[in-house]
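Take the sequence shown: its letters are residues 2 to 325, numbered as in the working numbering.
Just so you know, even glycine gets a beta-carbon here, dropped at the ideal spot from N, CA and C.
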Amino acid sequence: TDDFYVKVEYDPTKTGTATEDQKSNKLTLEFIYAQKTGSGVVPSVPKAAEMLKEKVTTTGDGLYEDEYEEGRHVYKGANPNNYITFNEENDGVAGWRIFSVEADNTIKLVKSDSVARMAFDSGTRTTGYCSEGSSFGCNAWAKTPNFVNGTLSGKVDSDSELNIYLNDKNNANSYYNKLSEKSKTLIQSHNFDIGPVEVFNDNISNQITSEKSITWNGNIGLINFSEFLRANSNKVECGNFSLLGEGQEKCNGTNYLLTLPKETSAWIISPTKNSSWDGFTFSENGFGPGDGTTHYNSVFPVLYLNDNITLSGDGTSTNPYTIN
Numbered sequence: 002t003d004d005f006y007v008k009v010e011y012d013p014t015k016t017g018t019a020t021e022d023q024k025s026n027k028l029t030l031e032f033i034y035a036q037k038t039g040s041g042v043v044p045s046v047p048k049a050a051e052m053l054k055e056k057v058t059t060t061g062d063g064l065y066e067d068e069y070e071e072g073r074h075v076y077k078g079a080n081p082n083n084y085i086t087f088n089e090e091n092d093g094v095a096g097w098r099i100f101s102v103e104a105d106n107t108i109k110l111v112k113s114d115s116v117a118r119m120a121f122d123s124g125t126r127t128t129g130y131c132s133e134g135s136s137f138g139c140n141a142w143a144k145t146p147n148f149v150n151g152t153l154s155g156k157v158d159s160d161s162e163l164n165i166y167l168n169d170k171n172n173a174n175s176y177y178n179k180l181s182e183k184s185k186t187l188i189q190s191h192n193f194d195i196g197p198v199e200v201f202n203d204n205i206s207n208q209i210t211s212e213k214s215i216t217w218n219g220n221i222g223l224i225n226f227s228e229f230l231r232a233n234s235n236k237v238e239c240g241n242f243s244l245l246g247e248g249q250e251k252c253n254g255t256n257y258l259l260t261l262p263k264e265t266s267a268w269i270i271s272p273t274k275n276s277s278w279d280g281f282t283f284s285e286n287g288f289g290p291g292d293g294t295t296h297y298n299s300v301f302p303v304l305y306l307n308d309n310i311t312l313s314g315d316g317t318s319t320n321p322y323t324i325n
């Protein structure tokens, strides 16, 4: 047994007369529990990955098996039931969506709204990979001994400006430090694929291979290009870059990621192939390279939740998944 105490108090800042709807407000307590059996064995509550994978579908909006990576599952469609409360943010405009259930049972989230408008990397770079072709900012997400992007390669001596904004634990103004302490404990440091995007590539498998050619391990990143393609339930007409370029407006209607609220194009984590300074962007108006130095685009954080969490709710916008 357990006792629950609900405190209801008057809000002294309110004035006027209560409406009939306000007078009939209801409060619901949802109990997440495991019933002890007669044998004394307490059954386990399924972890989030196990629970979500029970909802796998092959048609319409929902969670699909990823045909490109074994053991991985991806949400597809115009508006799948993948809303989730994280960092006490849970509505469709200022909340989060579950992007995928990974093969390692971590849960990948993408923020539903932009947290900043900024350049990918506005500083002047004059050494290594970042100096090839120009002296502008750099489109490499993270520092590495050798960043290979098509015909370009070389050392990257510091992380991108955008990476630092999202992850710097020593900066009180970084996005990471704006998260609650409880939320930080739920984040799983994870590998992000940060390899380049080839413009109008018509082979998604090759695109995935290119992205996986370089990885970065950290807390908060961005979605890469192939993930946008895989979130579309209309594979026949929207399943690769070339197809997407031919039918952008049509493809918007079968991919929830393409209609996330934004004022500008938004950055993805990958650079444009054969350029050391062009990042890559997406919007409902199209995909393409974006000057990483001067273009101030929207930022949609992506992160992984650890594999120990359990969830309640049904993933709808009115009853989003809640981390127990």
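The three-state reading of DSSP puts ARG126 in coil, since its state is none of H, G, I, E or B. Look at ASP105 here: in three-state DSSP terms it is coil, with no helix or strand label. Nearest to GLU228 by C-alpha distance, out of THR86, ASN256, GLU247 and GLY246, is ASN256. For GLY17, no alpha helix (DSSP H) run applies, since DSSP gives it neither H nor E.
Close CB contacts of LYS213 within its chain, under the 7 Å cut and outside five residues either way in sequence, are with ASP194 and GLY196 (chain order). The C-alpha of TYR84 is placed about 6 Å away from the C-alpha of ILE99. Look at the beta carbons and you see the segment 196-206 touching the segment 272-279: at least three pairs across the two are nearer than 8 Å. Contact between LEU259 and SER113 fails: their C-beta atoms lie close to 13 Å from each other, not under 8 Å. In the pairwise beta carbon analysis, the segment 307-319 is classified as not touching the segment 124-133: fewer than three pairs are separated by under 8 Å. When DSSP reads this structure, SER299 sits in a beta bridge with ARG118 and ALA267. In chain order, GLY129 and TYR130 place their CB closer than 6 Å to the CB of GLY155, counting only its own chain and leaving out the 5 sequence neighbours on each side. The beta carbon of LYS263 sits closer than 6 Å to the beta carbons of SER115 and SER299 from its chain, once the five residues preceding and following it are set aside; these are given in chain order.
In this chain, the alpha helix (DSSP H) harbouring LYS185 covers 182-187. CA-to-CA, the gap between ILE205 and PRO321 works out to about 31 Å. Between the segment 213-226 and the segment 182-194 there are three or more inter-stretch CB-CB distances shorter than 8 Å, so the stretches are counted as touching. Per DSSP, GLY254 lies in no beta strand (DSSP E) segment and is marked neither H nor E. ARG231 and SER123 have their C-alpha atoms spaced approximately 30 Å apart. Taken through DSSP and simplified to helix, strand or coil, GLU51 comes out as helix.
Judged by DSSP in its simplified three-state form, PHE229 adopts helix. For GLU162, the enclosing alpha helix (DSSP H) starts and ends at 162-168. Bounds of any alpha helix (DSSP H) do not take in PHE281; it lies within the beta strand (DSSP E) bounded by 279-284.
Bridge partners of ASN150 according to DSSP: LEU153. In this structure, SER101 lies near TYR76, with their beta-carbon atoms less than 8 Å apart. Between the alpha carbons of GLU51 and LYS109 lies a gap of roughly 14 Å.
Contact between TRP268 and LEU163 holds: CB atoms are separated by about 7 Å, below the 8 Å threshold. If you draw a straight line from the Cα of SER243 to the Cα of ASN202, it is about 6 Å long. GLN208 sits buried, since 16 or more C-beta atoms from the chains shown fall within 10 Å of its C-beta. Nearest to ASN233 by C-alpha distance, out of LEU223, LEU245, ILE224 and GLY222, is LEU245.
Secondary structure of LYS77 (DSSP, three-state): strand. By the neighbour-count criterion, in which 16 or more other beta carbons inside 10 Å mark a residue as buried, GLY61 falls on the exposed side. For GLU247, the uninterrupted alpha helix (DSSP H) segment begins and ends at 242-247. By DSSP's assignment, GLU90 forms a beta bridge with PHE87. With a contact defined as Cβ atoms closer than 8 Å, GLY72 and ALA104 qualify at about 3 Å.
Beta-bridge pairing by DSSP links THR323 to SER313. With a cutoff of 8 Å on beta-carbon distance, ILE310 and LEU153 are scored as not near each other.
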